[in-house]
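J.:
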Amino acid sequence: MADFSAIPWIAEHIELYRTDPEKAHMWDSAPLGGPGLLPTLLLTTQGRKSGDPRALPLIYGEFDGSYVVIASKGGMPTHPLWFLNLEATPECEMQVGTKHVVARARVAEGDERARLWAKMVEIYPPYTDYKKATERTIPVVVLDPV
-2 MADFSAIPWI AEHIELYRTD PEKAHMWDSA PLGGPGLLPT LLLTTQGRKS
48 GDPRALPLIY GEFDGSYVVI ASKGGMPTHP LWFLNLEATP ECEMQVGTKH
98 VVARARVAEG DERARLWAKM VEIYPPYTDY KKATERTIPV VVLDPV
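Residue 143 is where the sequence shown ends in the numbering used here, and the numbering goes up by one at each step.
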């Protein structure tokens, strides 16, 4: 499935972010087999083909004044659409709880990537399994507020 926002539990999380952002921010992943409460933001990118806004909730970490998300797609062999959208247009918007943030995306490299990957694995350990499941290098995306 190309459009993850059409998956029912993701669509519900997007709607929750729009109606109760504080509850959506610390999202309970346990009903889906996850580790429990996870910090999430609602990332809105510009569709690289349509030009339309595309929103998706993502697990994130906040480090050095920036937000970090992992383009894991659950270890699938291709990058997620939101990442491809950011490659085409790095400017994006986020909702982090009730806070709205305009940002510019970039991919972390080298030592920064290793440091941020380790911090994100602390937040969500399954990233390690996703890394083992794919041959691609999973992008660590830094969203720098502008």
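Every residue gets a Cβ at the ideal spot worked out from N, C-alpha and C, and that includes glycine.
(1) Evaluate the contact criterion for the stretch 59 to 66 versus the stretch 22 to 35: three or more CB pairs, one atom per stretch, below 8 angstroms.
(2) According to the neighbour-count rule (16 or more other Cβ atoms, all chains shown, within 10 Å of its Cβ), is residue 129 buried or exposed?
(3) Is the separation between the beta-carbon of residue 138 and that of residue 98 shorter than 8 angstroms?
(4) Quick one: measure Cβ to Cβ for residue 72 and residue 131, integer angstroms, because I've assumed they're closer than 8 angstroms.
(5) Which whole-angstrom value describes the C-beta separation of residue 38 and residue 52, a residue pair presumed to lie in contact below a C-beta threshold of 8 angstroms?
(6) Does the stretch 85 to 96 come within contact of the stretch 40 to 59, defined as at least 3 CB pairs closer than 8 angstroms?
(7) Where does residue 128 fall in DSSP's three states?
(8) Are the CB atoms of residue 101 and residue 141 nearer to each other than 8 angstroms?
(9) Grouping DSSP H, G and I as helix and E and B as strand, with all else coil, what is residue 94?
(10) List the residues that DSSP assigns as beta-bridge partners of residue 138.
(11) Could you give the uninterrupted runs of the beta strand (DSSP E) lying entirely in the stretch 18 to 60, keeping only those of 3 residues or more?
(12) So who's on the other strand from residue 88, going by DSSP bridges?
(13) Could you give the C-beta distance for residue 10 and residue 54, rounded to a whole number, given that I count them as a contact under 8 angstroms?
T.: So, from the data block:
(1) no
(2) exposed
(3) no
(4) 5 angstroms
(5) Actually they are not in contact, since the Cβ atoms of residue 38 and residue 52 sit about 10 angstroms apart, beyond 8 angstroms.
(6) yes
(7) helix
(8) yes
(9) coil
(10) 66, 104
(11) 23 to 25, 34 to 43, 50 to 56, 58 to 60
(12) 101
(13) 5 angstroms
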